[in-house]
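Peer 1:
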Amino acid sequence: MIKYALLCDEEHTFEAWFSSSDGYDEQVQRGLVECPHCGSTQVRKALMAPAVSTSRNKEASPEAQMRAMAAKVRSHIRENYDYVGEDFASEARAMHEGEKPERLIYGETSAAESQSLQEDGVPVTPLPDALAPTPPKKAN
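Here the sequence shown is numbered in my numbering, starting from 106 and rising by one per residue.
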């Protein structure tokens with residue numbers, strides 16, 4: 106059995122036990138993992154650190170500190186960067202080549218395209234899932 110700290114697309118944190126890493130992947134793909142706070146099935150693994158409690162350690166656990174730090178990173182990105190979605194690679198290239206004004210952006214791209222951008226000297230950095238902010242909600 107393995108316990109994962111999880112995070113939904115609404116930024117709610119919770120934990121769940123799975124028989125294996127593959128068991129987690131299968132259940133998430135089938136939409137069987139649900140946030141107990143809001144019911145969302147859009148979940149991902151959150152940063153985890155072993156929690157070692159001692160009488161000398163009166164501060165927040167390392168896991169809580171890491172979660173708080175990751176939340177600050179996600180919040181900073183959402184507040185200071187423009188979300189460009191699936192257009193990330195083309196936007197980053199256009200800015201690098203001077204076709205568009207430079208600005209701070211975030212979005213999605215494939216691992217292969219990310220690697221290609223880096224090889225071409227485009228200054229991009231893939232983020233681990235635990236640090237990647239969720240896309241902004243679309244207006245109805």
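We put the beta carbon where it would ideally sit given N, CA and C, even for glycine. A quick note: this is a predicted structure, and the numbers were derived from the prediction, not measured.
With C-beta atoms as the reference, is Phe123 less than 8 Å away from Gln134?
Peer 2: no
Peer 1: Name the residue from Pro241, His201, Phe119 whose alpha carbon lies nearest to the alpha carbon of Lys150.
Peer 2: Phe119
Peer 1: With three or more beta-carbon pairs closer than 8 Å as the criterion, would you say the region 165–176 touches the region 191–211?
Peer 2: no
Peer 1: Count the other CB atoms, across all protein chains shown, that sit within 10 Å of the CB of Arg172; report buried if there are 16 or more and exposed otherwise.
Peer 2: buried
Peer 1: Would you kindly work out how many angstroms separate the C-alpha atoms of Ile107 and Asp130, rounded to a whole number?
Peer 2: 12 Å
Peer 1: How should Thr230 be labelled, buried or exposed, when 16 other C-beta atoms within 10 angstroms of its C-beta is the threshold for buried?
Peer 2: exposed
Peer 1: Return helix, strand or coil for Ala151, following the three-state DSSP convention.
Peer 2: coil
Peer 1: Can you have a look at Ala216 and say buried or exposed, based on whether 16 or more other CB atoms are within 10 angstroms of its CB?
Peer 2: Residue burial is scored here from C-beta neighbours: Ala216 has fewer than 16 other C-beta atoms within 10 angstroms and is therefore classed as exposed.
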